[in-house]
Each structure stands twice: as structure tokens, then as C-alpha cells.
Ligand SMILES: [Fe+2]
Ligand SMILES: [Fe+2]
């Protein structure tokens with residue numbers, strides 16, 4: 013039985029490079045976010061992130077899923093710095109990025125994610141969902157990142173993206189692929205407060221209930237969450253990981269998940285292996301469990 017191994021990490025919140033301050037910035041959401049970042053920057057560590065990346069790369073996954081919040085204020089300088097970090101993390105064919113709310117903090121002219129485009133999907137400029145097939149897995153990359161009002165960290169997919177998702181799920185399910193949905197915001201009810209929620213999560217859940225998916229991965233909550241939503245043949249697992257740069261002592265410490273996906277007699281079997289900061293301060297396995305996706 014061959015196994016396809018996917019690494020999931022999220023919310024690295026890379027340290028911001030020195031920024032130019034424009035007048036627009038001074039009155040924008042970025043200013044408030046910068047104040048929030050001053051409070052939170054001690055919760056994130058570039059050294060922790062580097063250790064996590066080294067641990068992840070040492071496991072040599074077949075593909076990497078990164079569910080957003082690479083930046084803090086979504087400035088062009090940060091997006092460019094994040095691109096350089098992506099280049100070191102993995103080549104575009106082996107890494108899929110779903111943007112987060114911090115990557116789209118305020119309105120932008122043009123294609124804000126242009127520097128990241130090779131990592132968003134295989135067809136440049138095709139938009140979302142971006143579908144990539146790797147081995148037995150179809151990665152279905154959604155974008156919930158959208159500018160919001162002050163003090164909000166909500167996400168939105170929009171009707172068009174949800175409608176295209178329904179078509180993708182149906183076709184990829186008929187092709188017998190493992191449908192892996194990537195989205196920054198949690199999608200299960202009660203995962204985060206309304207202020208941080210995906211505003212059209214109910215419409216997304218209806219599509220998933222009708223068309224099915226084998227697994228949904230998200231970030232945003234900075235917590236390891238194991239939830240589920242209804243699917244046509246049983247519950248669909250929904251997994252979140254803590255921030256990849258979080259130090260211990262301020263919420264959950266940095267962690268990533270290896271998902272070892274195999275086709276078994278009972279359907280797809282996914283072994284989830286959590287790797288994070290252990291008691292010695294080094295990355296180690298924290299535990300593992302199995303998920304079974306019923307055969308359709
Ligand atoms: Fe985040
Ligand atoms: Fe977020």
C-alpha cells in the first residue's frame with residue numbers, strides 16, 4: 013500500500029521587514045494591527061519557525077500545505093519577504109499556500125498575491141478554488157482572505173468560489189481522488205468567535221454535506237483543533253494546527269502535522285502524526301491517530 017505524505021503547517025506570521033509608513037497606513041487597519049503585533053510579537057519566534065521547518069523538511073513529505081497568515085500587515089514588503097521564505101521552504105510544485113486574513117488586511121490594487129502565485133495553484137491566474145492533483149490526492153485550495161472592518165478577522169469565500177468548489181468536489185470525487193480542502197479560516201461551528209469567523213461557513217458546509225470531501229485543513233485559530241462537519245457518507249474531519257512560530261507559554265506552541273494518506277480496503281486511511289515542541293525544547297512526535305474516510 014503506497015502512502016502519500018502531506019505536511020500541514022499554518023500561521024507562521026513572519027517577522028515584518030522594516031516598513032515605509034505612508035499616510036494611508038497611518039489611518040488604516042495596519043496601524044492598529046501594528047499595535048496588536050507589538051503585543052503579540054513575543055509570542056512568535058523566527059527560531060522556533062526555523063526549527064519547525066527543519067523538522068518538517070527532514071521528514072521529506074511529498075507535499076506541503078500552508079494555510080495562511082504568512083504576514084502580519086500584508087504590505088508589499090512583507091509579501092516579497094514571504095516569497096523568499098517560500099522559495100526556501102519548497103518548490104511551488106510541492107507546496108500549496110492558502111492565504112489568510114493577515115495576508116489581505118486592507119484593500120489592495122491589482123493582484124495582491126502575485127508574488128505567491130506559483131504556490132497558489134498549477135494554473136497561473138486561474139483564481140480559487142485552485143485544484144492540484146498529486147498522487148491519490150486532489151488539493152482543493154480555497155481563499156478566505158478578504159479585507160474586513162477594523163477589529164475583525166473574518167473570512168469570506170463568496171458565492172462564486174463556493175459554486176466552483178461544488179463542481180470540483182463532485183468531479184474529483186467521481187475520479188476517486190482523496191479530496192483535501194485547504195482554507196485559512198475554521199469551518200466548523202463554534203471553532204472561533206464571530207469576530208474571527210468565516211462568514212459564509214454555512215454555505216460551505218452545505219456544499220460539503222452534499223458533495224463530500226475526505227479532509228479539511230485550516231489555520232487561523234492558532235490551536236490544534238480536531239472537529240468535523242457533516243458529509244454525505246459520514247462526518248468529514250476538519251483539522252487545525254497552531255501557529256508554526258508560536259513559542260510555548262502563550263497559547264499552543266508551534267506544531268505541524270504529517271498526514272500519511274493511503275488507500276485501504278475500507279476506503280482512504282489517514283494517519284495524523286503531530287510533531288511539535290517537546291519537553292526538551294526540540295521538535296518531536298507528540299502523538300498520532302488514524303482517520304478513516306468511508307469508501308464511496
Ligand atoms: Fe494567524
Ligand atoms: Fe488568521
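Numbering (the numbering used here), first residue to last: 13 to 308. Glycine is no exception: its CB is placed at the ideal position from the N, C-alpha and C atoms. All values derive from a computational prediction rather than experimental measurement.
Legend entry - Cβ-based neighbour list, residue 116, same chain, cut-off 7 Å, excluding 5 preceding and 5 following: Closer than 7 Å at the Cβ level, and outside the excluded window around residue 116, lie 86, 124, 157, 158 and 159.
Legend entry - beta-carbon residue 165 near ligand 2 non-hydrogen atom, thresh 7 Å: Checking every heavy atom of ligand 2 against the Cβ of residue 165, one is found closer than 7 Å.
Inset, instruction - Could you tell me the distance, in whole angstroms, from the CA atom of residue 214 to the CA atom of residue 77? - result: Using only the alpha carbons, I get a separation of about 24 Å.
Legend entry - Alpha carbon of residue 72 to alpha carbon of residue 228, nearest angstrom: Distance between the alpha carbons of residue 72 and residue 228 is about 22 Å.
Inset, instruction - Could you tell me whether any Cβ in chain D is nearer than 8 Å to the Cβ of residue 236? - result: Absent from the structure: chain D. Only one protein chain is present.
Inset, instruction - Could you give the DSSP three-state label for residue 144: helix, strand or coil? - result: Strand.
Inset, instruction - Output the boundary residues of the beta strand (DSSP E) element that contains residue 299. - result: Its beta strand (DSSP E) spans residues 295 to 306.
Inset, instruction - Say yes only if the C-beta of residue 172 is nearer than 7 Å to one or more non-hydrogen atoms of ligand 1, and no if none qualify. - result: Checking the Cβ of residue 172 against ligand 1 gives no.
Legend entry - In DSSP terms, what residue 191 is bridged to: DSSP lists 150 as partners of residue 191.
Legend entry - Residue closest to residue 101, alpha-carbon to alpha-carbon, out of 204, 172, 26 and 233: Comparing Cα positions, the closest option is 26.
Inset, instruction - Could you please give the first and the last residue of the uninterrupted beta strand (DSSP E) stretch that includes residue 214? - result: Counted as a single uninterrupted DSSP element, the stretch harbouring residue 214 is not any beta strand (DSSP E) but the alpha helix (DSSP H) occupying residues 213 to 223.
Inset, instruction - Closer than 6 Å by C-beta to residue 61: which residues in its own chain qualify, once you throw out the five before and the five after it? Chain order, please. - result: These residues qualify, in order along the chain: 24, 256 and 257.
Legend entry - Boundaries (first-last residue) of the beta strand (DSSP E) holding residue 252: Residues 248 to 252.
Legend entry - C-alpha distance - residue 270 paired with residue 284, whole-angstrom precision: CA-to-CA, the gap between residue 270 and residue 284 works out to about 6 Å.
Inset, instruction - Tell me whether residue 230 counts as near ligand 1, meaning its Cβ is closer than 7 Å to at least one heavy atom of that ligand. - result: Checking the Cβ of residue 230 against ligand 1 gives no.
Legend entry - Nearest-angstrom Cβ-Cβ length linking residue 264 and residue 235, presumed shorter than 8 Å: So it is a contact: roughly 5 Å between Cβ atoms.
Inset, instruction - Could you tell me which uninterrupted alpha helix (DSSP H) segments, each at least 4 residues in length, are contained entirely in the region 110 to 146, listed from first to last along the chain? - result: Listed in chain order, the complete alpha helix (DSSP H) runs (minimum 4 residues) inside the region 110 to 146 are 129 to 132.
Legend entry - Buried/exposed call for residue 222, threshold 16 Cβ in 10 Å: Sixteen is the threshold: since fewer than 16 other Cβ atoms of the shown chains lie within 10 Å of the Cβ of residue 222, the residue is exposed.
Inset, instruction - Could you pull the start and end residues of the alpha helix (DSSP H) that residue 61 belongs to? - result: Judged by DSSP secondary structure, residue 61 falls within the alpha helix (DSSP H) whose first and last residues are 58 to 70.
Inset, instruction - Would you check if the distance between the CB atom of residue 107 and the CB atom of residue 64 is smaller than 8 Å? - result: For residue 107 and residue 64, no; Cβs fall outside 8 Å.
Legend entry - residue 157 - DSSP class collapsed to helix/strand/coil: DSSP places residue 157 in coil when its eight states are reduced to three.
Legend entry - For residue 276, the three-state DSSP class (helix, strand or coil): Correct three-state label for residue 276: strand.
Legend entry - Reference residue 266; option with closest CA among 18, 43, 67 and 305: Answer by Cα proximity: 67.
Legend entry - Cβ distance (whole Å) where residue 190 is taken to contact residue 150 below 8 Å: About 7 Å; that satisfies the 8 Å criterion.
Legend entry - Residue burial classification, residue 209 (beta-carbon count within 10 angstroms, cutoff 16): Residue 209 is buried by the Cβ-count criterion.
Legend entry - residue 144 beta carbon less than 8 Å from that of residue 74: With a cutoff of 8 Å on beta-carbon distance, residue 74 and residue 144 are scored as not near each other.
Legend entry - residue 84 classed as buried or exposed, judged by whether at least 16 other C-beta atoms fall within 10 angstroms: It counts as buried.
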